[in-house]
Amino acid sequence: MYNAKYRELYHIIQDLEINGNKMSIREQMLLSNFLKCYNKSLEEIMTPRSDIKAIKLPLTLDKLKSIITHTYHTRILVYENNLDTILGFVHIRDLLPILLDDKNFTLNSILRQPIIAAQSMKVLDLLSVMQRKKTYISIVVDEYGGTDGIVTTEDIIEKIFDGIDQGDSSYFDARPEFIYQVVDQQTIITSARVRIETLEKAIGIQLKQEEDECNTIGGLVLTRIGHMPSVGFIVNINKNIQAEIVDATPRILKQIKLTIQDYEKSNIL
Numbered sequence: 001m002y003n004a005k006y007r008e009l010y011h012i013i014q015d016l017e018i019n020g021n022k023m024s025i026r027e028q029m030l031l032s033n034f035l036k037c038y039n040k041s042l043e044e045i046m047t048p049r050s051d052i053k054a055i056k057l058p059l060t061l062d063k064l065k066s067i068i069t070h071t072y073h074t075r076i077l078v079y080e081n082n083l084d085t086i087l088g089f090v091h092i093r094d095l096l097p098i099l100l101d102d103k104n105f106t107l108n109s110i111l112r113q114p115i116i117a118a119q120s121m122k123v124l125d126l127l128s129v130m131q132r133k134k135t136y137i138s139i140v141v142d143e144y145g146g147t148d149g150i151v152t153t154e155d156i157i158e159k160i161f162d163g164i165d166q167g168d169s170s171y172f173d174a175r176p177e178f179i180y181q182v183v184d185q186q187t188i189i190t191s192a193r194v195r196i197e198t199l200e201k202a203i204g205i206q207l208k209q210e211e212d213e214c215n216t217i218g219g220l221v222l223t224r225i226g227h228m229p230s231v232g233f234i235v236n237i238n239k240n241i242q243a244e245i246v247d248a249t250p251r252i253l254k255q256i257k258l259t260i261q262d263y264e265k266s267n268i269l
């Protein structure tokens, strides 16, 4: 019943007449994205465990100062032993009193508690909890209580405003992250974490087949070859797209170069 109502409302929004007295295209896109998020789970948008940036206790004051100097984040996760024992997070502004008083340095006194959420929790449900508790980081846990990933308020807002001008995002953590770069009419270098549909829009060519159950270009490459490739490995995504591993570790794909064989069929530029 819910899915039927969702589809009906979605199509109503898509069919709205766009004029001065109706919704603008931007408003239509915003509502459309909002409805898409309504049925998404945290697992679909979270930053995976392998990409979590955090600091481990014990921590010296000198090391803390170095981290603050070299990070763009305003909120930093703190853990003990491993990422399954995240103790909380600190806000950069809370660190100022500590930095001014070296003798009484204690990180535990300013730790804030993140929200703990299950993978299956819906994105907009979490956003509601975040707003109510005024907490902007959530730890996503698996069925055994282990850390599976994290979701920030910024992650959710990015989904809602996907394809729409972002406006002023200074309220959220700065995350200067490489997405993709157009090299020439045939070539694009992309982060392995970029969603497949984002790249399909960029190049105007379908990458994913119906049987593919992955969401990112890195996942699609792994689906095609069935193992973790090394830098320089080349695989055909389909008859028109070739993927080459540009940057990777033994466990994680980082960057991929996509080459379009028949670039006249693309709209990459």
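Numbering (full-length UniProt numbering), first residue to last: 1 to 269. We put the beta carbon where it would ideally sit given N, CA and C, even for glycine. Note that the structure is a prediction, hence the values are computed from the model and not measured.
Below 7 angstroms CB to CB, which residues in the same chain sit around residue i once its five sequence neighbours on both sides are set aside?
i: L83; result: R49, I52, A54 and T147
i: Q119; result: S41, L42, E43, V140, D142 and D148
i: V235; result: V221, R224, I225 and A243
i: V194; result: I179, Y180, T216 and I217
i: I68; result: I92 and L95
i: D262; result: N240
i: residue 280; result: Only positions 1 to 269 of the chain appear in this structure, which leaves residue 280 out of reach.
Quick one: what's residue i bridged to in DSSP?
i: Q255; result: S191 and D247
i: Q242; result: N236 and T259
i: E143; result: Looking at the DSSP assignment, E143 forms no beta bridge with any residue, so it has no partner.
i: N33; result: BP columns for N33 are empty, so no partner.
i: H91; result: R75
i: K122; result: S41
i: E80; result: L57 and N82
i: T216; result: R195
i: T47; result: I150
i: R112; result: F89
i: I137; result: T152
i: A117; result: V140
In three-state terms, what does DSSP make of residue i?
i: Y38; result: helix
i: V151; result: strand
i: Q181; result: strand
i: Q209; result: coil
i: M228; result: coil
i: L107; result: coil
i: A174; result: Because the pLDDT at A174 is just 34, under 50, the model does not fix this residue reliably, and the point stays unresolved.
i: I52; result: coil
i: Q131; result: helix
Ignore the nearest five residues each way along the sequence and tell me which others in residue i's own chain have a CB closer than 8 angstroms to its CB.
i: V246; result: I189, V231, K254, Q255, I256 and K257
i: T249; result: none
i: Y38; result: Y6, K122, V123 and L124
i: I45; result: V123, V151, D155, I156 and K159
i: L199; result: Y180, I188, T190, L207, I217 and L258
i: A202; result: Y180, V182, I188 and I268
i: L126; result: L42, I115, A117, S138, V151 and I156
Quick one: measure Cβ to Cβ for residue i and residue j, integer angstroms, because I've assumed they're closer than 8 angstroms.
i: K133; j: I115; result: 6 angstroms
i: K159; j: N33; result: 7 angstroms
i: L207; j: I196; result: 5 angstroms
i: I260; j: Q186; result: 5 angstroms
i: L107; j: L59; result: 6 angstroms
By Cβ distance below 6 angstroms, which residues in the same chain neighbour residue i in space, the five residues on each side in sequence not counted?
i: Q113; result: G88
i: L57; result: E80
i: I110; result: V90 and D94
I'd like to know whether the C-beta of residue i is nearer than 8 angstroms to at least one C-beta of chain C.
i: Q242; result: Any reference to chain C falls outside this structure, which holds one protein chain only.
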